[in-house]
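S.K.:
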Amino acid sequence: MVLVAVAVGAGVHLAGRQDGPPDTRARQYKEFDACLLTGDKGIAQGTDAASAWQGMQRASLQTRARINYVPVTGAQSSANTQPFLNSLMQRHCGVLIAVGTPQARVAHEAAAKHPEVRFVLVDGASSAADHKAGNVTVAKPGDALPETVADAIKRAVDASGQ
602 MVLVAVAVGA GVHLAGRQDG PPDTRARQYK EFDACLLTGD KGIAQGTDAA
652 SAWQGMQRAS LQTRARINYV PVTGAQSSAN TQPFLNSLMQ RHCGVLIAVG
702 TPQARVAHEA AAKHPEVRFV LVDGASSAAD HKAGNVTVAK PGDALPETVA
752 DAIKRAVDAS GQ
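Position in the sequence shown (first residue = 1) + 601 = the working numbering.
(1) Kindly provide the ranges of any alpha helix (DSSP H) runs that are 4 or more residues long and lie completely inside the region 651-729, ordered along the chain.
(2) Between the C-alpha atoms of Gln763 and Val707, what's the straight-line distance to the nearest angstrom?
(3) With a 10 Å radius around its C-beta and 16 neighbouring C-beta atoms as the bar for buried, classify Ser678 as buried or exposed.
(4) Which residue's Cα is closest to the Cα of Ile644: Ala680, Cys694, Val700?
(5) Look at the alpha carbon of Leu637 and the alpha carbon of Arg719, and state the distance between them as a whole number of angstroms.
(6) List the endpoints of the continuous beta strand (DSSP E) containing Thr749.
(7) For Gln663, count the other beta carbons within 10 Å of its own beta carbon; 16 or more makes it buried, fewer makes it exposed. Which is it?
(8) Identify the residues that DSSP records as bridge partners of Asp634: which are they?
(9) From which residue to which residue does the beta strand (DSSP E) around Thr738 run?
(10) Do you know offhand how far Arg756's Cα is from Val673's?
(11) Do Gly695 and Ser652 count as a contact pair if the criterion is CB distance below 9 angstroms?
(12) Give me the Cα-Cα distance between Ala666 and Asp759, rounded to the nearest whole angstrom.
(13) Could you check if Pro716 is buried or exposed, using at least 16 other CB atoms within 10 Å of its CB as the buried criterion?
(14) Looking only at its chain, what residues have a beta carbon closer than 8 angstroms to the beta carbon of Val671, apart from the 5 residues adjacent to it on each side?
(15) With 16 other CB atoms within 10 Å as the buried threshold, where does Gly656 fall?
Here it is in structure tokens:
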């Protein structure tokens with residue numbers, strides 16, 4: 602009985618081995634992350650975050666940057682948003698897109714502390730004059746949002762040398 606279990610275990614182990622080159626269909630990503638911080642609806646269809654996500658997907662296909670998003674759960678306040686932003690900063694995001702008023706507010710405050718990160722703020726109320734940091738782009742909700750987000754990611758990936 603033990604011998605059968607060992608033989609089956611060895612067979613499973615060997616079946617998992619790859620004797621050739623990696624699957625050419627597997628996507629090879631660069632060491633560059635673009636992160637999206639959203640409200641509690643996440644990237645639900647019809648939201649500004651969904652439009653930003655479309656732009657991120659487009660940029661990822663063109664640049665091979667990794668993309669991810671984190672929705673802020675619970676109270677939609679700056680105080681509650683801060684830990685979610687901190688978790689994204691620990692992932693070393695090269696670009697951080699913040700959609701929503703509390704998300705944009707907290708990201709704007711972080712921009713001064715993280716000049717190496719490119720921030721894109723989408724809250725519908727801010728203007729470029731409100732954000733003097735050179736690493737901050739204000740994007741307006743609407744039809745051009747996916748392209749604005751994709752362009753910001755492409756520029757950041759190009760600037761990173763990845």
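Backbone N, C-alpha and C define an ideal beta-carbon position, used for all residues, glycine too.
Computed from a prediction, not measured in an experiment: that's the story for all the values here.
M.R.: For this structure:
(1) 679-691, 702-712
(2) 28 angstroms
(3) exposed
(4) For Ile644, the nearest C-alpha among the options comes from Val700.
(5) 12 angstroms
(6) It is not in any beta strand (DSSP E) - Thr749 instead sits in the alpha helix (DSSP H) that spans 746-761.
(7) exposed
(8) Arg667
(9) The continuous beta strand (DSSP E) containing Thr738 extends over residues 737-739.
(10) Their backbone Cα atoms lie some 27 angstroms apart in a straight line.
(11) no
(12) 11 angstroms
(13) exposed
(14) Cys636, Leu637, Leu638, Thr639, Phe685, Ser688, Leu689
(15) Counting the other CB atoms within 10 Å of its CB gives Gly656 a total of 16 or more, which places it among the buried residues.
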